[in-house]
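Peer 1: First residue of the sequence shown? That's 8 in the working numbering, and the numbers climb one at a time after it.
Every residue gets a Cβ at the ideal spot worked out from N, C-alpha and C, and that includes glycine.
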Amino acid sequence: LGTGVVIDDSGTILTALHVVANAIEVRVVFYDGSESPATILVRQPENDLAVLRALEIPDDLQPATLAGSGGLSVGDQVVAVGNPFGISNSLTAGVVSGLRRNFKSPKTGATLTNMIQFDAAVNPGNSGGPLLNRNGEVVGIVSSLLNPTDQEVFIGIGFAVTIETAAGAAGTPPY
Numbered sequence: 008l009g010t011g012v013v014i015d016d017s018g019t020i021l022t023a024l025h026v027v028a029n030a031i032e033v034r035v036v037f038y039d040g041s042e043s044p045a046t047i048l049v050r051q052p053e054n055d056l057a058v059l060r061a062l063e064i065p066d067d068l069q070p071a072t073l074a075g076s077g078g079l080s081v082g083d084q085v086v087a088v089g090n091p092f093g094i095s096n097s098l099t100a101g102v103v104s105g106l107r108r109n110f111k112s113p114k115t116g117a118t119l120t121n122m123i124q125f126d127a128a129v130n131p132g133n134s135g136g137p138l139l140n141r142n143g144e145v146v147g148i149v150s151s152l153l154n155p156t157d158q159e160v161f162i163g164i165g166f167a168v169t170i171e172t173a174a175g176a177a178g179t180p181p182y
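1) Identify whether A167 lies in helix, strand or coil by the three-state DSSP scheme.
2) Quick check: R141 and Q84, are their CB atoms within less than 8 Å of each other?
3) Check the C-beta distance from T72 over to G175 and give it rounded, since I have them as a contact under 8 Å.
4) Can you list, in chain order, the residues of its chain whose CB lies under 6 Å from that of G135, leaving out five sequence neighbours each side?
5) What is the DSSP secondary structure of T26, counted as helix, strand or coil?
6) Could you say which of R107, L56, T118 and D67 lies nearest to P137 if we only look at CA atoms?
7) If we count the other Cβ atoms within 10 Å of its Cβ and call it buried at 16 or more, is A30 buried or exposed?
8) To the nearest angstrom, report how far apart V102 and A127 are at their CA atoms.
9) Can you tell me whether DSSP reads E53 as helix, strand or coil?
10) Can you grab the Cα-Cα spacing for the pair A28 / S80, in whole Å?
11) Ends of the beta strand (DSSP E) at T72?
12) Could you tell me the boundaries of the beta strand (DSSP E) in which N109 lies?
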């Protein structure tokens, strides 16, 4: 269970690879409640990114607005949108805590680079969701949380892949 971001009107979706990596079947649920099977178009393990394509899309599908992360500064307000613990359409607010961070996953051992560090609460189910700036534009894709315990709950540090990296995985022009 995770979250994704629709980036164009043809149903292309960005998400975290670990959300769908071992899936036998991928199904997406849109904001209006409609569902569709989806295919994985791109797997980018070095950035924990996946690009999906929904096979059926709602008539009124509205893609997210993407914005470059280059304008972010430490202290800027951000919000994370997702489905923590399966609770749909949840939003948490915080600030950018750091930029160009590297994060080594304790689960996979992979090191993700050039990450946005933030303090908005994220939990299992937020992965793959958007990190938005105060204008509601997607500046990152939520990927991981730093947790010094064995429990999979928010302790205080989240990480997002920049939208430039994520959109690049989808073949979208830089932002």
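Peer 2: Taking the definition as stated:
1) For this step, residue 167 is matched to residue 160 along the sequence shown. Correct three-state label for A167: strand.
2) For the purposes of this step, residue 141 is taken as the residue at position 134 of the sequence shown. For the purposes of this step, residue 84 is taken as the residue at position 77 of the sequence shown. Yes.
3) Here residue 72 refers to the residue found at position 65 when the sequence shown is read from its first residue. Here residue 175 refers to the residue found at position 168 when the sequence shown is read from its first residue. Rounded, the Cβ-Cβ distance is 17 Å, inconsistent with contact.
4) The residue you call residue 135 lines up with position 128 of the sequence shown. Around G135, the same chain offers G9, T10, G11, T22, A23 and V26 as residues with beta carbons nearer than 6 Å, after the five sequence neighbours per side are excluded.
5) The residue you call residue 26 lines up with position 19 of the sequence shown. In the sequence as displayed, the identity of residue 26 is Val instead of Thr. V26: helix per DSSP, three-state reduction.
6) Start at 1 with the first residue of the sequence shown, and residue 137 comes out as number 130. The shortest Cα separation from P137 among R107, L56, T118 and D67 belongs to L56.
7) On the sequence shown, position 23 is the one that residue 30 refers to. Of the other Cβ atoms in all chains shown, fewer than 16 fall within 10 Å of the Cβ of A30; this residue is therefore exposed.
8) Position 95 of the sequence shown, counting from 1, holds the residue named residue 102. Position 120 of the sequence shown, counting from 1, holds the residue named residue 127. Going from the Cα of V102 to the Cα of A127 covers about 7 Å.
9) Here the question's residue 53 lines up with position 46 in the sequence shown. Of the three classes helix, strand and coil, the one that applies to E53 here is helix, per DSSP.
10) The residue labelled residue 28 in the question sits at position 21 within the sequence shown. The residue labelled residue 80 in the question sits at position 73 within the sequence shown. C-alpha of A28 to C-alpha of S80: approximately 32 Å in a straight line.
11) Stepping through the sequence shown from its first residue, residue 72 is reached at position 65. For T72, no beta strand (DSSP E) run applies, since DSSP gives it neither H nor E.
12) Indexing the sequence shown from 1 puts residue 109 at position 102. For N109, the uninterrupted beta strand (DSSP E) run begins and ends at S97 to K111, by DSSP.
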